[in-house]
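Data first, discussion second: the structure below is written as structure tokens.
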């Protein structure tokens, strides 16, 4: 799976915003308050709307009026994703369109929901799912690509108007596109990591993937240690290179059956348990555990990974993100760090700027000035530090 483009209308600062030609590693830069967190919240909103319903996803954010762009609270919110996804053995360029409007009481309803892609190399994309206010259809024999459009089987369904169709019908095997898209969103990882929650010991158990808040770090480390020793060794090797003195990290069970992380510093005879290790060490270890997951998340979003990390670690961390993306997961990162940006390619960076109260997003490589300076040897982080990204959008008008 790879998101190719995102279009967002009337969602907080994104009055009418597009990202196109999105690479596997996409890094967002911009001043505070320009909407970097808002983009990640769009991902979280879709995941919440799928796991709960549209009304609860808005309630979690203060209601529809709080999410709609200021001054346009009575207008629809639209989110459109174009992405590559394997469906019935074929990789397809799929478009998902979601339009949500407030009803006469201000309650959000799904005005329109479409999932479409081309059946062949030519022609217009075909709607394999099309719903409006709870009523619509989905195709059940999508794999019959050779059939004429009239021969495809439409199955009509009725749902609550605040339930996503990809949730209602995506649980059934016969709706191939809806199920594939539903599973993709369910496996998105929008990190909300908290060092304090990663420190405590855990009840003995099994966890294959790091949670959003990182509170199961000992369990995931134990899983890698026991089931994927090659991945755990990669984590340990990276920690030894980047954190002076660290020689061993191991998950260890206590007498009362709990699991703790023990860090061995070569300067000391006795190991430290996690609560005595620095925030930066815990955070770097958690990132390495996350990025060495044997089954990468289809989408990984992390805000400002540089916080609490030593600046010299950031270029290597950028390469870890890029390697993760190469293994199959698409990565979105926001950052203010010149050291992190210096490790990036110009076309991996998108700049957010406010214009007349709303956000516009532009790819850094679209600027002739930035391209020329970069080709002359200036690194992106230095260009960012000099403020040359600040007026990027104005220079493209």
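In this note's numbering, the protein residues as written are 1051 to 1447.
Ideal Cβ placement from N, Cα and C applies to all residues, glycine included.
Asked                                                                                                                                                                                      : Found
Among 1351, 1311 and 1416, which residue has its Cα nearest to the Cα of residue 1239?                                                                                                     : 1351
Take every Cβ of the segment 1345–1359, pair it with every Cβ of the segment 1230–1245, and state whether three or more of those distances are shorter than 8 Å.                           : yes
So which of 1382, 1137, 1121 and 1407 has the shortest CA-CA distance to residue 1074?                                                                                                     : 1382
Just the Cα atoms here: how many angstroms apart are residue 1217 and residue 1228?                                                                                                        : 8 Å
For residue 1061, which residues does DSSP report across the bridge?                                                                                                                       : 1064 and 1118
Distance, Cα to Cα, residue 1425 vs residue 1354?                                                                                                                                          : 27 Å
Check for me: the alpha helix (DSSP H) holding residue 1188 runs from which residue to which?                                                                                              : Not the alpha helix (DSSP H): residue 1188 falls in the beta strand (DSSP E), residues 1185–1189.
Strictly by DSSP, which residues pair up with residue 1302?                                                                                                                                : 1310
Per DSSP, residue 1239 forms a beta bridge with which residues?                                                                                                                            : 1350
May I ask which residues mark the beginning and end of the alpha helix (DSSP H) holding residue 1104?                                                                                      : 1104–1109
Below 8 Å between beta carbons: does that hold for residue 1126 and residue 1146?                                                                                                          : no
Quick one: Cα of residue 1059 to Cα of residue 1065, how far?                                                                                                                              : 5 Å
What is the C-beta distance between residue 1505 and residue 1092, in whole angstroms, given that I count them as a contact (C-beta under 8 Å)?                                            : Lying before the first or after the last residue shown, residue 1505 is absent from the chain, which here runs from 1051 to 1447.
Could you please give the first and the last residue of the uninterrupted alpha helix (DSSP H) stretch that includes residue 1388?                                                         : 1388–1391
So what's residue 1419 in DSSP terms, helix, strand or just coil?                                                                                                                          : helix
Per DSSP, what kind of secondary structure is residue 1168 in: helix, strand or coil?                                                                                                      : coil
Comparing C-alpha positions only, which one of 1293, 1295, 1312 and 1087 sits nearest to residue 1302?                                                                                     : 1312
Anyone know if the C-beta pair for residue 1215 and residue 1181 falls short of 8 Å?                                                                                                       : yes
Excluding the five sequence neighbours on either side, which residues of its own chain have a C-beta within less than 8 Å of the C-beta of residue 1396, listed in chain order?            : 1414, 1415, 1420, 1421, 1424 and 1430
Assign residue 1304 to one of two classes, buried (16 or more other C-beta atoms within 10 Å of its C-beta) or exposed (fewer than that).                                                  : exposed
Assuming contact is defined by CB atoms lying nearer than 8 Å, are residue 1364 and residue 1387 in contact in what I supplied?                                                            : yes
For residue 1404, does the three-state DSSP call read helix, strand or coil?                                                                                                               : strand
Could you name the residues of the same chain whose beta carbon sits closer than 7 Å to that of residue 1256, not counting the 5 residues immediately before and after it, in chain order? : 1269 and 1273
Could you say which of 1373, 1188 and 1315 lies nearest to residue 1296 if we only look at CA atoms?                                                                                       : 1315
Kindly indicate the opening and closing residues of the beta strand (DSSP E) around residue 1204.                                                                                          : 1204–1208
State yes or no: is the C-beta of residue 1054 within less than 8 Å of the C-beta of residue 1133?                                                                                         : yes
Please name the residue in 1251, 1371, 1298 and 1328 whose C-alpha comes closest to that of residue 1359.                                                                                  : 1328
Helix, strand or coil for residue 1211, going by three-state DSSP, please let me know.                                                                                                     : coil
To the nearest angstrom, how far is the alpha carbon of residue 1113 from that of residue 1088?                                                                                            : 15 Å
Pull the bridge partners of residue 1231 from the DSSP assignment, please.                                                                                                                 : Looking at the DSSP assignment, residue 1231 forms no beta bridge with any residue, so it has no partner.
Name the residue from 1265, 1428 and 1233 whose alpha carbon lies nearest to the alpha carbon of residue 1244.                                                                             : 1265
Where residue 1061 and residue 1280 are concerned, what is the direct C-alpha to C-alpha distance, given to the nearest angstrom?                                                          : 43 Å
Please report the distance separating the alpha-carbon of residue 1175 from that of residue 1253.                                                                                          : 50 Å
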